[in-house]
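Here is the structure we will look at.
As structure tokens, this is what we get:
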């Protein structure tokens, strides 16, 4: 006898069910067993909150996905293709002819074709002198080497731009955090003031002054939200639009990072690391290679040719050698131009070297100035602003200070906090500018 399932209704009555209920029970169990692992897998891969990237993450993403940099990288492949082209030898020339063929078909006999026509088959080749192919290849390789250094300089500039924008986002985030605290705190003050005003313990003028101050805080809060969103969008554009999701965020310390390095060591390190200086030095090498190539092009080439001829029943072989006479054109104009180009690149190298020294000097001075400002804030001014606000608020709540005194202390505190955050962002940007000037993110 088959067992029957019994289900309880909402009122507790038992209802006997047959095969339909058993089928429903089994299907429900199967659905639960099958869906539980899927739900667990989805929970495992679903991220909690937006993706957060650090400064190092942002730099690596930009170096890998920034489209302007990827476009610049193609110059390397283009120059390498030109290396292949420069290393190619001249192609031989094959020619053939058959002369004095008759038009009338009656004379097209084997004897006539053999004895009365002329056929030629020949092969010619240009023999380059002066090691032209080797000089072409070396000149192309030197151009490629310079292109690699220029690409590295693009990476250096992009790294600085990404870091600057990253600090800008952190500044906006810090400003938003301060604005959130101010709005939440001042809303409580408005609520208390409204209660006091309704109870007759505060004048309408004082209550409106406090309420208008809240309006300023809320406006600053909304502007901070917009500034952060726009900063993230600008940073995403540098990183490569599809390299991060739309709801990503930044993470990492937004704090003072003291640097102990002297100017002379930084300048020496810059002379060793700056890729634009390397490119200028390689420009001199490339110009010298072009000069050598132009001198090689001034050497005359020899064309060798071998012919097989069949003339009036006679088979013959002919050898030709062709040598141009360098009476007028010895490539002297291109040789002179290439020699002057060497002088030009040498001057450009000196100018770049001096620019490197100037960049490091200016960046170092800017860092020191911003460092002095940060030290001033941290020496006690931040704490003084907080202390002054707290004292004035306590005095106002206990009748020892006017409302204007308290609101003025509140504004001074906020202005000081905002100024410190801006000074901190300026300091971090100046530090990044010094790294860019030195040509490496590792400072001595």
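In the working numbering, the protein residues as written are 17 to 460.
All residues carry an ideal CB built from backbone N, CA and C; glycine is no exception.
Query                                                                                                                                                                       : Result
Terminal residues of the continuous beta strand (DSSP E) containing residue 448?                                                                                            : Careful: residue 448 lies outside any beta strand (DSSP E), inside the alpha helix (DSSP H) at 419 to 454.
Using the rule of at least 16 other Cβ atoms within 10 Å of the residue's Cβ for burial, across every protein chain shown, is residue 274 buried or exposed?                : exposed
Compute the Euclidean distance between the alpha carbons of residue 141 and residue 311, then round it to the nearest angstrom.                                             : 22 Å
In chain order, which continuous runs of the beta strand (DSSP E) of length 3 or greater are located wholly inside the segment 109 to 196?                                  : 109 to 115, 134 to 143
Quick one: Cα of residue 302 to Cα of residue 238, how far?                                                                                                                 : 56 Å
Judging by CA-CA distance, which residue of 101, 184, 86 is the nearest neighbour of residue 168?                                                                           : 86
Kindly indicate which three-state DSSP category residue 67 falls into: helix, strand or coil?                                                                               : coil
Looking at the strands, I want to know which residues DSSP matches up with residue 391.                                                                                     : None, per the DSSP bridge assignment.
May I ask which residues mark the beginning and end of the alpha helix (DSSP H) holding residue 83?                                                                         : 83 to 102
Give the DSSP-derived three-state secondary structure of residue 324 in the structure shown.                                                                                : strand
Are three or more beta carbon pairs between the segment 324 to 337 and the segment 401 to 408 nearer than 8 Å?                                                              : no
For residue 67 and residue 361, what's the separation of their Cα atoms in angstroms?                                                                                       : 47 Å
Select from 210, 323, 402, 453 the residue whose C-alpha is nearest the C-alpha of residue 139.                                                                             : 323
With DSSP run on the structure shown, which of helix, strand or coil describes residue 332?                                                                                 : strand
Identify the continuous alpha helix (DSSP H) that holds residue 410 and give its terminal residues.                                                                         : 398 to 413
Using the three-state DSSP reduction, which class does residue 62 fall into: helix, strand or coil?                                                                         : Note on residue 62: pLDDT 39, under 50, position unreliable in the model; the coordinate value appears next. Correct three-state label for residue 62: coil.
Please check the pair residue 236 and residue 195, which I expect to be a contact at CB under 8 Å, by giving their CB distance rounded to whole angstroms.                  : 5 Å
Does the beta-carbon of residue 291 have 16 or more other beta-carbons within 10 angstroms, so that it is buried, or is it exposed?                                         : buried
Nearest to residue 382 by alpha carbon, out of 118, 137, 449, 129?                                                                                                          : 449
Around the Cβ of residue 298, are there at least 16 other Cβ atoms within 10 angstroms (buried) or fewer (exposed)?                                                         : buried
If you count every other CB in all the chains shown that lies within 10 Å of the CB of residue 15, and 16 or more means buried, which is it?                                : An answer regarding residue 15 cannot be provided, because it is not within the stretch 17 to 460 covered by the chain.
Check each candidate in 366, 328, 364 and name the one with the smallest Cα separation from residue 132.                                                                    : 328
Once the 5 residues before and after residue 425 are set aside, which same chain residues still bring their CB inside 6 Å of it?                                            : 404, 405, 408
What residue range does the alpha helix (DSSP H) around residue 233 cover?                                                                                                  : 220 to 255
Residue 300 lies in the alpha helix (DSSP H); which residues open and close that run?                                                                                       : 291 to 313
Thinking C-alpha only, which one of 430, 321, 146 is nearest residue 108?                                                                                                   : 321
Of the residues 395, 386, 454, which one's Cα is nearest the Cα of residue 371?                                                                                             : 454
Within a Cβ cutoff of 6 Å, which residues of the same chain sit near residue 300, ignoring the five residues on either side of it in sequence?                              : 361, 362, 365
For residue 442, collect the residues of the same chain with a Cβ closer than 7 Å to its Cβ; drop the 5 residues on either side in sequence, then sort them by chain order. : 386
For residue 198, which of helix, strand or coil comes out of DSSP?                                                                                                          : helix
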